[in-house]
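Worksheet: one structure, shown below.
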Amino acid sequence: MHKGTGMKRFSWFAWLWFMIGAVYFIIPLWGTFVFSLQKQRGVLSFAAYQSAFADPNFWESFLFSNLMALLTIMASLLLIVPTAYWVRLRLPRLRPVVEFITLLPFVIPPIVLVFGFLKSYSQPFTLFGIPLFPSLTSNTLLTNFLLVMGYTVLALPYMYRAVDNGLRAMDVATLTEAAQSLGAGWGTILWRVIMPNLRSALLSGALLTFAIVVGELAIATFLARPAFGPYLALLGNHRAYEPAALAIVSFGLTWLAMGLINLVTRGTQAESIVTGAH
Amino acid sequence: MAATVTASPGAAPPRRINWAWLGVLPFFIFAILFIFIPSASLFIDSFRTPAGGFTLEHIAGLTRPPIPQSYWLSIRISAVTALGGGLLGFLLAYALTMGNLPHWLRPVTLTFAGVASNFAGVPLAFAFISTLGRTGFITVILRDMFGVNIYDAGFNLYSFAGLSLTYMYFQFPLMLLIMVPAIEGLKREWREAAENLGASAGQYWWRIGLPILLPSLLGTMLLLFGNAFGAYATAYALTGGQLDLITIEIGAQMRGDVLRNPNLGYAMALGMVAIMAICILGYTLLQRLSERWLK
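Top line first, the protein sequences correspond to chains Z and A.
Add 37 to the 1-based position in the first sequence for this note's numbering, that's all there is to it.
No gaps in the numbering here: position 288 of the second sequence is 271 in this note's numbering, and each next residue is one more.
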């Protein structure tokens, strides 16, 4: 590191801004934590946590959202890994198009996306008067499918970047040729050669998807699914301490996801970690 | 008699059809079904009369209250938090990279920033309510120990200022995450060359460092702007829909309890997408510009 004369002089300046940043980070967390312990008057206790966890609706919605997150991750992988691989190997000219599409979810906020979903798919879908598929909000299974597709759209930029970064780090063409010369088909190549080499990229993409999807509010609310986000929002309307407790739990889970990402990528993908659905 | 099995060498080879594009078909079907059709349907119906004809009436309807006010509120809150978050994030990134702080602070702060920039939505709103709400932790401490009632003094968490403060919690960590690599991209030689020519640290920053970082700085602030502009969950959970942001307004429209004109709702969504597109386009272009120097 450079140690010019001008640098030492500004050390107090650096400390000042660091402290301001640290206070901004920590005070709301500390405040929320202490607040969450005050459910019983006069003593600090974990009563709010006990009460929050005792609610069967909490577990139901939390499990539901985790299941949706898992399905989203599976759908994203099925969709993105073969596409990114194939674009790198055979269709490099399509690259800008595919990259452009993966950026679109940044342009279309979740609230607009779900608006479009409801408009396009709450009635049977027809093309030139020919009915193609029924209303996707007509039964639970189809609505859940629409929810997972919505989440897959939200996760698209992060997943694609994670997978593409992973593919860049390996020699896709050589690996493919080697596998082919040993008699492997496309399925075997993807599953046994490409996927294992993408392990850390896929894991970090999956964890980020998790952080985005569990707790998502807009899409789940307007598709009327019993997800964790809407449950939390409702809880905030009629309780004081339980929401604080669950905010701390959520923060812990986000921390866990980010910590694991750092662990599996050893910090090499810090730049791909940008914001989910706020 | 010898059968002529092989084709004569002069004949044209059978036409090869390139089937490679089939490999990306599922992706394009997905994109068409779940990105293009939903957005295009909003786009088309923003310009359509109930009978099916073309009209600009819905777009013109965007100028009637309360819609411009909602856009304006969203724009103001996004601008304030992009500038505030951008400035704080940049100064923090500067402190971490150039400020001679202990080395171990860096990974800790960056991990924290990664978490904070993803800690948003309903839980973030709860955290600020628990801290700065009417009975929040800090509110009560200030009132009981220092005799200051911030709510009597005019502060209100469920207002413009409160929401800005809350949004900043995910804004400045994002700025920090993007600016740290950018500042590190500044080559040491540039600084040494400047110092050898007699430049002070201030001159170096003003004449070299900042101009090189400027596209990245502005681009990231545009990203922050879009980040706040599209936010729904945090605002909804914090204010219960009391603050008329454009996202809240669209949500209300979907619940069907305000304007009684669905096409106007589509036009509102279209306006949002247009503003978001400008932000993301600007960010992409500025980021490309900054890569000329920083890489």
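Each residue gets a CB set at the ideal place from its N, CA and C atoms; glycine is no exception.
Bear in mind that the values here come from a model prediction, so they are computed numbers and not experimental data.
Three-state secondary structure assigned by DSSP to residue i
i                      : result
residue 39 of chain A  : coil
residue 145 of chain Z : coil
residue 133 of chain A : coil
residue 85 of chain A  : coil
residue 173 of chain Z : coil
residue 154 of chain Z : helix
residue 163 of chain Z : strand
residue 238 of chain A : helix
residue 9 of chain A   : helix
residue 33 of chain A  : coil
residue 280 of chain Z : helix
residue 168 of chain Z : strand
residue 308 of chain Z : Bear in mind that the predicted position of residue 308 of chain Z carries a pLDDT of just 45, short of 50, making it unreliable; the figure below should be weighed with that in mind. Residue 308 of chain Z: helix per DSSP, three-state reduction.
residue 313 of chain Z : Annotation note: pLDDT 47 at residue 313 of chain Z (below 50); position unreliable, coordinate value reported separately. Here residue 313 of chain Z sits in coil by DSSP.
residue 288 of chain Z : helix
residue 44 of chain A  : helix
residue 191 of chain Z : helix
residue 75 of chain Z  : coil
residue 49 of chain A  : coil
Length of the line joining the Cα atoms of residue i and residue j
i                      : j                      : result
residue 310 of chain Z : residue 195 of chain Z : For residue 310 of chain Z, the predicted structure reports a pLDDT of 46, less than 50, and the residue's modelled location is therefore unreliable. A value from the coordinates is still provided. Cα to Cα, residue 310 of chain Z sits roughly 8 Å from residue 195 of chain Z.
residue 231 of chain Z : residue 180 of chain A : 52 Å
residue 122 of chain A : residue 133 of chain A : 7 Å
residue 272 of chain A : residue 10 of chain A  : 30 Å
residue 15 of chain A  : residue 169 of chain A : 41 Å
residue 317 of chain Z : residue 183 of chain Z : Shown here, chain Z extends from 38 to 315; a query on residue 317 of chain Z therefore has no answer.
residue 94 of chain A  : residue 80 of chain Z  : 33 Å
residue 258 of chain A : residue 209 of chain A : 8 Å
residue 78 of chain Z  : residue 85 of chain Z  : 12 Å
residue 89 of chain A  : residue 2 of chain A   : 50 Å
residue 225 of chain Z : residue 224 of chain A : 51 Å
residue 237 of chain Z : residue 203 of chain Z : 8 Å
residue 66 of chain Z  : residue 171 of chain Z : 46 Å
residue 191 of chain Z : residue 189 of chain A : 39 Å
residue 105 of chain A : residue 133 of chain Z : 35 Å
residue 263 of chain Z : residue 101 of chain Z : 7 Å
residue 232 of chain A : residue 144 of chain Z : 18 Å
residue 45 of chain A  : residue 269 of chain A : 30 Å
residue 272 of chain Z : residue 290 of chain Z : 19 Å
residue 186 of chain Z : residue 65 of chain A  : 30 Å
residue 96 of chain Z  : residue 252 of chain Z : 13 Å
residue 51 of chain A  : residue 263 of chain A : 22 Å
Cross-chain neighbours of residue i in chain A, by beta carbon under 7 Å
i                      : result
residue 295 of chain Z : 94, 97, 98 and 101
residue 153 of chain Z : 21, 22, 24 and 25
residue 323 of chain Z : Chain Z is shown from 38 up to 315; residue 323 of chain Z falls before or after that span and cannot be answered.
residue 248 of chain Z : 101
residue 360 of chain Z : There is simply no residue 360 of chain Z to check, as chain Z begins at 38 and stops at 315 in what is shown.
Interface partners of residue i on chain A, CB under 8 Å
i                      : result
residue 300 of chain Z : What residue 300 of chain Z touches in chain A: nothing, since even the nearest Cβ is about 10 Å away.
residue 292 of chain Z : 98
residue 283 of chain Z : 106 and 109
Contact list for residue i against chain Z, beta-carbon separation under 8 Å
i                      : result
residue 7 of chain A   : 120, 123, 124, 128, 131 and 135
residue 120 of chain A : 67, 68, 69, 71 and 72
Per-residue contacts from residue i into chain A (C-beta, under 9 Å)
i                      : result
residue 186 of chain Z : 13, 16 and 17
residue 226 of chain Z : Correct list: empty, because the minimum Cβ distance to chain A is about 12 Å.
residue 116 of chain Z : 9, 10 and 13
Under 7 Å by beta carbon: chain Z residues contacting residue i
i                      : result
residue 280 of chain A : As shown, chain A starts at -16 and ends at 278. That puts residue 280 of chain A outside it, with no answer to give.
residue 74 of chain A  : 54
residue 78 of chain A  : 51, 54 and 55
Interface residues of chain Z facing residue i [CB-CB closer than 9 Å]
i                      : result
residue 140 of chain A : What residue 140 of chain A touches in chain Z: nothing, since even the nearest Cβ is about 11 Å away.
residue 219 of chain A : 254, 255, 258 and 270
residue 191 of chain A : Per Cβ cutoff of 9 Å: no residues; residue 191 of chain A is ~13 Å from chain Z at best.
residue 158 of chain A : Chain Z residues near residue 158 of chain A: none, gap ~11 Å exceeds 9 Å.
residue 55 of chain A  : Going along chain Z, no residue has its Cβ under 9 Å from residue 55 of chain A, so there is no contact; the nearest lies around 18 Å.
Any non-hydrogen atom of the ligand GDP within 8 Å of residue i CB
i                      : result
residue 185 of chain Z : Absence of the ligand GDP from the depicted structure is noted, as is the absence of any ligand whatsoever, leaving it without description.
Three-pair Cβ contact test at 8 Å for the segment 232 to 241 of chain Z versus the segment 174 to 187 of chain Z: Segments in contact, no.
Whole alpha helix (DSSP H) elements within the segment 203 to 238 of chain Z, 4-residue minimum: Whole alpha helix (DSSP H) segments, 4+ residues: 209 to 218.
Minimum length 4: unbroken alpha helix (DSSP H) runs contained in the segment 78 to 126 of chain Z: Listed in chain order, they are 84 to 91 and 93 to 126.
Meets three-Cβ-pair contact criterion under 8 Å: the segment 217 to 229 of chain A and the segment 137 to 154 of chain A: Inter-segment contact for the segment 217 to 229 of chain A and the segment 137 to 154 of chain A is present: three or more beta-carbon pairs are separated by less than 8 Å.
Segment contact flag, the segment 108 to 127 of chain Z with the segment 204 to 217 of chain Z, C-beta cutoff 8 Å, min 3 pairs: The segment 204 to 217 of chain Z and the segment 108 to 127 of chain Z touch, with three or more beta-carbon pairs separated by less than 8 Å.
Cβ contact check for the segment 271 to 284 of chain Z and the segment 60 to 79 of chain Z: 3 or more pairs under 8 Å: Put simply, the segment 271 to 284 of chain Z touches the segment 60 to 79 of chain Z. At least three CB pairs are less than 8 Å apart.
Sufficient close CB pairs (3 or more, under 8 Å) joining the segment 18 to 30 of chain A to the segment 102 to 110 of chain A: Contact between the segment 18 to 30 of chain A and the segment 102 to 110 of chain A is absent: fewer than 3 CB-CB pairs across the two stretches fall below 8 Å.
Contact the segment 254 to 263 of chain Z vs the segment 217 to 225 of chain Z: 3+ CB pairs below 8 Å: The segment 254 to 263 of chain Z is not in contact with the segment 217 to 225 of chain Z.
Every unbroken alpha helix (DSSP H) inside the segment 115 to 176 of chain A [4 residues or more]: With a minimum length of 4 residues, the continuous alpha helix (DSSP H) runs that stay inside the segment 115 to 176 of chain A are 120 to 129 and 143 to 167.
Three-pair Cβ contact test at 8 Å for the segment 281 to 301 of chain Z versus the segment 106 to 120 of chain Z: The answer is no - the segment 106 to 120 of chain Z does not touch the segment 281 to 301 of chain Z, with fewer than three Cβ pairs under 8 Å.
Validate contact between the segment 70 to 78 of chain A and the segment 153 to 161 of chain A using beta carbons, cut 8 Å, 3 pairs: Between the segment 70 to 78 of chain A and the segment 153 to 161 of chain A there are three or more inter-stretch CB-CB distances shorter than 8 Å, so the stretches are counted as touching.
Complete beta strand (DSSP E) runs within the segment 183 to 225 of chain A (minimum length 3 residues, chain order): Counting only runs of 3 or more, we get nothing.
Touching by the beta-carbon criterion (3+ pairs, under 8 Å), the segment 248 to 256 of chain A and the segment 160 to 169 of chain Z: These segments do not touch.
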